[in-house]
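To keep things clear, I will list the structure first and then write my remarks on it.
2 protein chains.
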Amino acid sequence: MASIHDVAKEAGVSVATVSKVLNDYPDVSDKTRKKVNIAIELLKYQPNVVARGLVKRRSWTVGVLLTVPFTNPFVSELLEGIKTALENSGYDLVRLSTRFDDPTYSFIKHCRSRNVDGVVVFGEGRDNKSIQELVTAEIPTMFIDTDLFGKRAGYITTDNANAIAMSVKHLHELGHRKIAYISGTLGPAVANLRLDGYREGLRVCDIPYSTVYLEVCDYSFDGGSKAARRLLALKDQPTGIVCASDMSAFGAIHEIEKHGLRVPEDVSVVGFDNTYYAEVFKPGLTTINQNIHSIGIKSIEYLILMIENPAYTPPVITEPSNLVIRQTTAPANNG
Amino acid sequence: MASIHDVAKEAGVSVATVSKVLNDYPDVSDKTRKKVNIAIELLKYQPNVVARGLVKRRSWTVGVLLTVPFTNPFVSELLEGIKTALENSGYDLVRLSTRFDDPTYSFIKHCRSRNVDGVVVFGEGRDNKSIQELVTAEIPTMFIDTDLFGKRAGYITTDNANAIAMSVKHLHELGHRKIAYISGTLGPAVANLRLDGYREGLRVCDIPYSTVYLEVCDYSFDGGSKAARRLLALKDQPTGIVCASDMSAFGAIHEIEKHGLRVPEDVSVVGFDNTYYAEVFKPGLTTINQNIHSIGIKSIEYLILMIENPAYTPPVITEPSNLVIRQTTAPANNG
DNA sequence: CTGAAAGCGCTTACAG
DNA sequence: CTGAAAGCGCTTACAG
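As you go down the protein sequences, you meet chains A and B in turn.
Residue 1 is where the first sequence starts when you use full-length UniProt numbering, and the numbers rise one by one after that.
Residue 1 is where the second sequence starts when you use full-length UniProt numbering, and the numbers rise one by one after that.
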């Protein structure tokens, strides 16, 4: 690999001059600039970002803290958005190999050691100590779905509450009055906000809230299936079920059909996420579409703004969502 | 951030000595070692990998060339394996933001500029020029599913041919004789090998090969669906269909049911991939399980071996697969 | 056993 | 407009 010294020698100038050409300094004569560029071309020279980073105390690298499995469809789409935003930014993505099981491991030290310019965090609870340190250390950070922010840390999430309220209203408009909710595990902001949305939706529709129609599971197919089983066992079965994920909705549908009922004729079901399969499988799942791709893109765009402008105020963003109506919701069967 | 100089000053020794402690050199007295370690502790010092990398011409970083969408389920699982293997290796993963649309872009230069120690490639055709350069440049590389290898480049893939042959034999054992194959787009090694496997399977089962029963699509739900429609339009409908992906199998099943036929009573269907949904959805899909996770792990393990031992001969690996029998295959309806 | 010095590949005041 | 020198945070012969 040719270094800046090789280029300097080839062009017959100093390395300082080569550096100036590389960095588009104006105080270089056209003649010299040309000589240098020819040498660069000739030697197929490419500046070493690592060396440059050492002196600039930058790395043109964005770290990602992601312990959630890559197989999680939300993660996949998020990464797709992140990738898109990164593509022409000059930054590369580094997945930090974290070791939270090792008590001596420090995520911040890791970031500093790698010189990452900023970090995107998804799927860590706000109780994760490393995460807290991140905001006090004032390393540029974008939190996705983790309700944390600070002087150098922004927060972006979906309008969870509003989304679920929309689903409830949709069922209400179809004549449903017995509307159940299969929540995800409560605790994380995302789950709590969605539950709020369920209650708010009912309130707006003048339907009393009852915990009888509230089930909690882990967002999975099996979880949704079991939750639906319990709901169907009620003497007063719900006619509509709102779910906190597409997977739990798929599980619920499976269970409903196992009980000899039909979706949507007997029971309507609404999902959450609008994953690929919601569209592809039949019947198409009525569900909330989160702009995950957009969340991924924005998290990077804002992160880069923060990185490149120390005075930039980190954003707190609630990304809108929308209800995609397909074939799993229909007018209520009986009043 | 404390630097090695701060530690040296704090401990009252030279930076050279601190460096020796850091790198476990034996020629340091216990007393000095202790002083240094205390200073490190005190200052919460963490060596800067980037600076170290500059002198060692290493980065403890593995680059990944991945232009296939993250939403591709194969990619997700692959990354999960890669992540697992990386977790305690001391290496971090860098996704290089490639720009193949830019004619001046060079993937190798990018790798060199970032100082990555090795790279994992998935989803690029062997005709990609950047890829070819990679093997001639002798940068440690593991190719996944791309049939390329060299002095410093290994290749790992699933036993594609054998896998499809297994599916054919499975159907044959169930009494099927009219066995169709819905292939993925031909050209890439993976698709070609699977087609070879179909023909080999038929041969072993003494069933004549006919292009009438061969359909080609793009691995998608829609593609599988359309391919199945054409097969069902034949006067001599197949009773068993082998597919090159789970998604095309799902599409085929959907089409079969739309024709008023039942799976598996009327037509048996076999998928390929054993994605999450193959297990979760009902009826469970009989399919080929690829050890994608294992492929991800091995690609990293071998890559690191290659990186850390210049004499290591890059491996060419065919990872075994296995048939997972669920509910979409059954004895043939009629002889 | 310890440390001064050179060097990895860059950038940036600063002097000329 | 150009270049010598110092420095980013490390490592590694080498001398003592």
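Note that CB positions come from ideal geometry on N, CA and C, so glycine has one too.
Note down, in chain order, all residues in the UniProt domain "HTH lacI-type" (2 to 56) of chain A with a beta-carbon under 7 angstroms from any beta-carbon belonging to chain B. Q46, P47, N48, V49, V50, A51, G53, L54: these are the residues of the UniProt domain "HTH lacI-type" (2 to 56) of chain A whose beta carbon lies less than 7 angstroms from some beta carbon of chain B, given in chain order.
If you draw a straight line from the alpha carbon of P26 (chain B) to that of A51 (chain B), how long is it in whole angstroms? About 23 angstroms.
Cutoff 8 angstroms; reference L42 (chain B); Cβ partners in own chain excluding five residues on either side: E10, listed in sequence order.
Rounded Cβ spacing between I156 (chain A) and I144 (chain A) (contact assumed at less than 8 angstroms): Right, the Cβ-Cβ distance comes to about 6 angstroms (below 8 angstroms), so this counts as a contact.
For a contact defined as C-beta to C-beta under 9 angstroms, what are the partners of N274 (chain A) on chain B? Here the premise fails: no neighbours, minimum Cβ distance about 12 angstroms.
Just by C-beta distance, which residues in the segment 208 to 241 of chain A are closer than 7 angstroms to chain B? Cβ contacts with chain B come from F221.
Return no unless some Cβ of chain B is closer than 8 angstroms to the Cβ of T71 (chain A). Yes, contact with chain B.
Whose C-alpha, out of B:L148, B:K109, B:V116, is nearest the C-alpha of S127 (chain B)? The residue asked about is misnamed: residue 127 (chain B) is Asp in this sequence, not Ser. Residue B:L148 holds the alpha-carbon nearest to the alpha-carbon of D127 (chain B) among B:L148, B:K109, B:V116.
Report the residues of the segment 140 to 156 of chain A with a CB closer than 9 angstroms to any CB of chain B, ordered along the chain. Against chain B - using a Cβ distance shorter than 9 angstroms - the segment 140 to 156 of chain A contributes no residues.
Bridge-paired residues (DSSP) for A189 (chain B): A189 (chain B) is not bridged to any residue.
DSSP three-state assignment for D273 (chain B), whether helix, strand or coil: Looking at D273 (chain B) - three-state DSSP - the assignment turns out to be strand.
Per-residue contacts from N88 (chain B) into chain A (C-beta, under 8 angstroms): Neighbours of N88 (chain B) across chain A, judged by C-beta separation under 8 angstroms: S97, R99.
Three-way DSSP call (helix, strand, coil) for R95 (chain B) in this model: In the structure shown, R95 (chain B) sits in a strand (DSSP, three-state: E or B).
Does the distance from the C-beta atom of L303 (chain A) to that of V62 (chain A) stay below 8 angstroms? Contact flag set, yes.
Boundaries (first-last residue) of the alpha helix (DSSP H) holding S167 (chain A): That run of the alpha helix (DSSP H) goes 160 to 173.
Name, please, each residue of chain A whose Cβ falls closer than 8 angstroms to the Cβ of Y105 (chain B). In chain order: nothing, as chain A lies at least about 11 angstroms away.
Using 10 angstroms around the beta-carbon of N88 (chain B), count the other beta-carbons present and answer buried if the total reaches 16, otherwise exposed. N88 (chain B) is exposed by the Cβ-count criterion.
Return the bridge partner residues of S268 (chain B) from the DSSP annotation. In DSSP, S268 (chain B) forms a bridge with B:G240.
Answer with buried or exposed for G335 (chain B), where buried requires no fewer than 16 other C-beta atoms within 10 angstroms of its C-beta. Note that G335 (chain B) scores 43 on pLDDT, short of 50, meaning its location in the model is unreliable; the coordinates nonetheless yield the value given after this. G335 (chain B) sits exposed, since fewer than 16 C-beta atoms from the chains shown fall within 10 Å of its C-beta.
Should G335 (chain B) be flagged as near chain A, meaning a C-beta pair shorter than 8 angstroms? With a pLDDT of 43 at G335 (chain B), under the threshold of 50, the modelled position of that residue is not reliable, and the figure given next carries that caveat. Not a single C-beta of chain A is nearer than 8 angstroms to the C-beta of G335 (chain B).
Can you tell me which of A:G187, A:G201, A:S167 puts its alpha carbon nearest to the alpha carbon of T286 (chain A)? Checking every option, the nearest Cα to that of T286 (chain A) belongs to A:S167.
Output, in chain order, the set of chain A residues within a Cβ distance shorter than 8 angstroms of L93 (chain B). Chain A residues near L93 (chain B): V94, R95, S97.
With a CB to CB cut of under 7 angstroms and the five nearest residues on each side skipped, what residues in its chain are close to P234 (chain B)? The sequence as given places Leu at residue 234 (chain B); Pro does not occur at that position. Hits under 7 angstroms: V212.
Taking all protein chains shown into account, decide if S268 (chain A) is buried (16 or more other Cβ within 10 angstroms of its Cβ) or exposed. Flag for S268 (chain A) reads buried.
Using beta carbons (cut-off 8 angstroms, strictly below), is S59 (chain B) in contact with chain A? Output row for S59 (chain B): interface = yes.
Using a Cβ-Cβ distance under 8 angstroms, would Y302 (chain A) count as near chain B? No, because no Cβ of chain B sits closer than 8 angstroms to the Cβ of Y302 (chain A).
Residues of the segment 103 to 130 of chain A with Cβ closer than 7 angstroms to any Cβ of chain B, in chain order: Hits within the stretch, in order: K109, R112, S113, R114, N115.
Less than 8 angstroms between the C-beta atoms of S220 (chain B) and G251 (chain B), yes or no? Going by C-beta atoms, S220 (chain B) is nearer than 8 angstroms to G251 (chain B).
What does the Cβ neighbour count give for V18 (chain A), buried or exposed, with the cut at 16 atoms within 10 Å? V18 (chain A) counts as buried, since at least 16 other C-beta atoms from the protein chains shown sit within 10 angstroms of its C-beta.
Report the rounded CA-to-CA distance for A2 (chain A) versus L54 (chain B), giving the unit in angstroms. Those two C-alpha atoms are separated by around 15 angstroms.
Can you confirm whether K298 (chain B), when its beta carbon is compared against all beta carbons of chain A, has any partner nearer than 8 angstroms? So, not an interface residue.
For the 8 angstroms Cβ check, are there 3 or more pairs between the segment 319 to 330 of chain A and the segment 257 to 275 of chain A? Verdict: yes, contact present.
Which term fits D124 (chain A), buried or exposed, when burial requires 16 or more other beta carbons within 10 angstroms of its beta carbon? In the sequence under discussion, the amino acid at residue 124 (chain A) is Glu, which differs from the Asp named in the question. So E124 (chain A) counts as buried.
Taking any Cβ of chain A, which residues in the segment 164 to 194 of chain B have a Cβ under 9 angstroms from it, in chain order? Against chain A - using a Cβ distance shorter than 9 angstroms - the segment 164 to 194 of chain B contributes no residues.
Could you check which residue in B:P69, B:V75, B:D101 has the C-alpha nearest to that of P69 (chain A)? Comparing alpha carbon positions, the residue from B:P69, B:V75, B:D101 closest to P69 (chain A) is B:V75.
Residues bridged to F122 (chain A) by DSSP? A:L66, A:I144, per the DSSP bridge assignment.
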